[in-house]
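Numbering (full-length UniProt numbering), first residue to last: 1 to 329. Data block below; observations after.
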Ligand SMILES: Cc1ncc(C[n+]2csc(CCOP(=O)(O)OP(=O)(O)O)c2C)c(N)n1
Ligand SMILES: [Mg+2]
């Protein structure tokens, strides 16, 4: 494992706290009626997106899921424009017409959240095929859940990616549940990473609540992918603290299981490492949290002032004109 300096750890902490607080504040805004539609909170899984993105370069691309805010923020998206999108405003990432499940920023290499379970996996595989054909050094990363690993799109993508040595990382966030169904009721295996073997691909299991471990496993898999040594299936063991969506009380989960995982909160683990081995003070950690809160409160205030789309624009930006003209009406 590579050494993590105090500065690096504080930076990682800031990114994880940004995701956590973004989601907590979004939940409050939804309860207050500012956000229409579903929210699927990423709280508890922050170390996965943060660790993976810490090992990527600017030309790499990502695909995401219905639980995508953390992936997008870890990639460096602007929380103010994300809130504007959630609030349905014209300055949001999708001009207020997509919401949580469709957020995208192609310039950042963030090829979109996705409401179709496993939908992002073939998209990333296709991007990786293009990178290989163009002899580019870039790679594609796709995040998905344990539930998605039962979908045909997952298996087809892994097969082709392995066959063609594509530069793609398959990152399974195993949070033990697909919607309200525990993993042992939707698949026989415990480690999704075992599925890599049937495609002749490397599979690794990592503690998804240890951000440095996720970063290091990703760095090694990325090195192999860029060297033409093929894709990797990375399974990050983690847990969502809240329900499947905001409003789900998650009563289907045993209390001791929830308590166990909350006792391994990825942010608390990193904060303890910082104030322990890495010699940071409680004040250093508190100031990271305060800076994030200030930034997010300003983002919300800005987003809440932004204009709504007008009805006459409802059909704009629905389809792209592939002949190069304006978006089709
Ligand atoms: C193709 C498809 N099937 C079913 C659904 C309904 N659905 C939404 S999220 C979800 C569970 C996904 O579980 P997992 O992949 O483990 O992701 P998690 O929610 O745990 O992050 C399901 C079944 C869907 N959106 N798309
Ligand atoms: Mg899951």
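Ideal Cβ placement from N, Cα and C applies to all residues, glycine included.
Check                                                                                                      : Outcome
Simplified DSSP assignment, three categories, for residue 327                                              : Per-residue confidence for residue 327 stands at a pLDDT of 49, beneath the threshold of 50, marking its modelled position as unreliable; the derived number appears in the next sentence. Residue 327 falls in the coil class under three-state DSSP.
Check: residue 171 C-beta below 7 Å from any heavy atom of ligand 1                                        : no
Identity of the residues DSSP links to residue 182 by a beta bridge                                        : 177
Contact set for residue 131: own chain, Cβ-Cβ below 6 Å, skip 5 residues either direction                  : 138, 167
Simplified DSSP assignment, three categories, for residue 48                                               : helix
Alpha helix (DSSP H) runs contained entirely in the region 188-275, provided each spans 4 or more residues : 211-226, 255-262, 266-275
The alpha helix (DSSP H) enclosing residue 14, as first and last residue numbers                           : 6-31
Environment of residue 294 [buried if 16+ CB atoms lie within 10 Å]                                        : exposed
Contacting residues, own chain, Cβ-Cβ under 6 Å from residue 251 (five flanking each side not counted)     : none
Proximity winner among 72, 128, 242, relative to residue 107 (alpha-carbon distances)                      : 72
Validate contact between the region 51-66 and the region 283-290 using beta carbons, cut 8 Å, 3 pairs      : no
Distance cut-off 7 Å: residue 145 Cβ against heavy atoms of ligand 2                                       : yes
Contact test: residue 159 Cβ vs ligand 1 heavy atom, cutoff 7 Å                                            : no
Own chain, CB closer than 6 Å to residue 289, minus 5 neighbours either side, in chain order               : 17
Identity of the residues DSSP links to residue 140 by a beta bridge                                        : 61, 168
Heavy atom of ligand 1 within 7 Å of residue 37 beta-carbon                                                : no
beta-carbon residue 4 near ligand 1 non-hydrogen atom, thresh 7 Å                                          : no
For residue 105, the residue or residues it bridges with in DSSP                                           : 110
Identified DSSP bridge partners for residue 145                                                            : 173
Residue 199: CB within 7 Å of a non-hydrogen atom of ligand 2                                              : no
Heavy atom of ligand 2 within 7 Å of residue 178 beta-carbon                                               : yes
Cβ contact check for the region 72-91 and the region 258-269: 3 or more pairs under 8 Å                    : no
Sufficient close CB pairs (3 or more, under 8 Å) joining the region 205-214 to the region 90-109           : no
Distance CB(residue 236)-CB(residue 141) smaller than 8 Å                                                  : no
CA-to-CA distance, residue 151 to residue 343, given in whole angstroms                                    : It is not possible to answer for residue 343, since the shown part of the chain is limited to 1 through 329.
Buried versus exposed, by CB contacts within 10 Å (16 or more), residue 32                                 : exposed
Status (buried if at least 16 other CB within 10 Å, exposed otherwise) for residue 308                     : exposed
8 Å contact criterion, which residue 351 and residue 81 should meet: CB distance rounded                   : Given that the chain is displayed from residue 1 to residue 329, the structure contains no residue 351 and the question cannot be resolved.
Proximity test, residue 209 beta-carbon vs ligand 2 heavy atom, cut-off 7 Å                                : no
Closest Cα partner of residue 5 within the set 270, 300, 25, 292                                           : 270
Buried/exposed call for residue 318, threshold 16 Cβ in 10 Å                                               : exposed
Cβ-based burial, residue 121 [other Cβ within 10 Å; buried from 16]                                        : buried
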